[in-house]
Amino acid sequence: MRPWMLLLAGLITTIAAHAASAAGRVALVIGNSNYEHIARLANPTNDADLIAAVLREAGFELVGGRAHLDLDKQAFEQAIVEFGAAIEGAEAALFYYAGHGIQIRDRNYLIPVGANPRREADADFQMLNAELVLRQMEASGAKLNVMILDSCRNNPFGGRGFRSAAAGLAQMQAPQGTLISFATQPGNVAADGDGINSPFTKALADKMLEPGLDILRMFNDVGVAVSAATGGNQQPWMSSSPIKGEFYFAGKREAPVEEQAAPEAPVVHDLVAKAPPDLVLKAPPVDPCQSAETHWKATDALDTEAAYRDHLRQFSACRFAELAREKMRKLQQKVAMGRIPQPAPRVAQGPLPGTEFRDCAQCPLMVVLPARGGQFPLAVGKFEVTGAEWNACVRDGACSGEQSPESHPANFLFKSEMEKFVAWLGRKTGKRYRLPSKSEWEYAARANSTSTFFFGDDAGKLDKYAWYIINSGGLQTNPVGKKLPNAFGLHDVYGNVSERVVEELLCGGGAMSFPQGGSKNCFEDIGLRTRDIGFRVVKTLN
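Take the sequence shown: its position 191, counted from the start at 1, is 191 in the numbering used here, and no numbers get skipped.
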């Protein structure tokens, strides 16, 4: 090869390598669903897989080449270290997390699947402070940093003495060149949704691949879509520092040919200008089907008519188009034949399932349950009514006989006394409280499970979820909320005290019995007033 040709080749290689490094897009995607000690989540692993596919199509290189699913603390930390090394000098660095999160003392922690803190002080050792990710980004020199947190759920460790914990996540300060996106406003909670993806992540996946949306407009459109999908109950939030330049996940919309200005003449090295005609490098033609396979994987995972229609809109002449048409036809046929029932209109809009609230400072903490079969949603006490809550009624003169210890369930009460407490709540708040029916108690306790217990069929695991005759140390009552909750976030539905329901039955089993689970767990109330009988309140949200 002639010397000038060697020089030309080296120059082109150097320019190309520099362009590749300067244009790098790098992402770390994590989804945690299968928690060992707290409530499992249905969608985060699905969400992470979907976002990983979308980011690949948008030109991002994924740390580890895939979404990271169900990470324990060690694997979580290792992934963040690898992310920090990979984003040095990148054009864009993106971190996405779906799973449980919690704010403690105004700091946000992301929760690995094995976390099991017994007290607030354990947070730094068992969970990941989200600030660690921001520090990696800030030190990388990346031109743009994006943090996306679909983790604004309820405190999963309620009842463990996390006094500084609050609902949702806390607002975070974005370092220079950084944008932080939350699934909902600081301090609020978001839901998994009814489908295989959360409303936030579904909107994010749709908008990321829409050409012509700069990053700020894209996140704004995500917020509008989520608000519409949740009836205004969930409002995504964004925190951003000034961002230099423009960034598009899916590129700018191309202007019509007649409106395009003539391109500026490139600056060409003398040797390139003098090169023979047969050495002029031409850009390879753009393959319109290049991204079809990646898009198809995300489309097939969603398995909805809208997803297949969108795939055909973008890739109608590519290899998966006919398969998309066939799957869309089959879905339409199933709907026509009635095999897929159309969603019934909602009877009423209400707060999202999993939302926690108190109607007054002394009132029981309530949890909103998913609505059943078109009924109005139900809120149920997260814990059995405590001695502290009962004593507030005593101080108001509506109940009699103070309870001690105040952290234990209120007990040694006749049903008529419990009804006085319920009536006091109603007068104090203007809301209608009551005792649960047997079917309501069953639904709340089972949390949609079909096994013997809400956690499965293995009675050997009961120790994690209930105070009962084997682990209660001979005590008829124990502090509420010290055992793990069920999937609805309710504590002590088995053990501690038996709970009275309106049908003259007792449910749940006390600390001196062995809970059987399910319908076997309710038995006849013979009207006794004993230390192992308490109650839980419910409220219809209409």
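Cβ coordinates follow ideal geometry from the N, Cα and C atoms, glycine included.
- Using a Cβ-Cβ distance cut-off of 8 Å, the stretch 468-480 and the stretch 429-439 are not in contact, since fewer than three pairs of beta carbons, one from each stretch, lie closer than that value.
- When the alpha-carbon of K244 is set against those of A53, A142, G508 and L41, the nearest one is in A142.
- Excluding residues up to 5 positions away in sequence, S181 and M238 lie with their Cβ nearer than 6 Å to the Cβ of F219 in the same chain.
- In the displayed model, T429 falls within a helix according to three-state DSSP.
- With contact defined as three or more Cβ pairs closer than 8 Å, the stretch 493-507 and the stretch 525-540 are in contact.
- The three-state secondary structure of P199, taken from DSSP, is helix.
- For F357, the pairing in a beta bridge is given by DSSP as M366.
- DSSP places Q403 in the coil class of the three-state scheme, outside both helix and strand.
- E402 sits exposed, since fewer than 16 C-beta atoms from the chains shown fall within 10 Å of its C-beta.
- With contacts defined by Cβ atoms closer than 7 Å, A93 and L55 do not form a contacting pair.
- Per DSSP, Y443 is one residue of the alpha helix (DSSP H) stretching across K438 to R446.
- Of the residues assessed, L528 falls on the exposed side of the cut-off, its CB having fewer than 16 other CB atoms within 10 angstroms.
- According to the DSSP assignment, F182 belongs to the beta strand (DSSP E) that extends over T178 to F182.
- The beta-carbon separation of A445 and F454, rounded to 6 Å, stays under the 8 Å limit for a contact.
- By the criterion of at least three beta-carbon pairs nearer than 8 Å, the stretch 84-93 is not in contact with the stretch 321-330.
- Taking the Cβ atoms as the reference, V63 lies roughly 5 Å from F83, within the contact range of under 8 Å.
- Assignment of N129 by DSSP, reduced to helix, strand and coil, places it in the strand class.
- Put simply, of M512, Q332, L204 and E524 the residue whose alpha carbon is nearest the alpha carbon of L50 is L204.
- In this structure T450 is exposed. Its beta-carbon is surrounded by fewer than 16 other beta-carbon atoms within 10 angstroms.
- Of the candidates F383, V367 and E504, the residue whose Cα lies closest to the Cα of P377 is V367.
- When the five nearest sequence neighbours on each side are left out, the beta carbons in the same chain lying within less than 6 Å of the beta carbon of T45 are those of G31, S33 and L69, in order along the chain.
- Between the beta-carbon of A379 and that of L179 there is about 35 Å, and that puts the pair past the 8 Å contact cut.
- With contacts defined as CB atoms closer than 7 Å, Y468 and P405 fail to qualify as a contacting pair.
- Looking at the DSSP output, H68 shares a beta bridge with I30.
- Per DSSP, the continuous alpha helix (DSSP H) segment holding A298 begins and ends at A292 to L302.
- Per the DSSP secondary-structure output, L62 pairs in a beta bridge with A27.
- With fewer than three CB-CB distances shorter than 8 Å, the stretch 454-463 does not count as touching the stretch 391-399.
- Counting every other CB atom within 10 Å of its CB across the protein chains shown gives S400 a total below 16, marking it as exposed.
- The secondary-structure analysis by DSSP pairs F95 across a beta bridge with L28 and M147.
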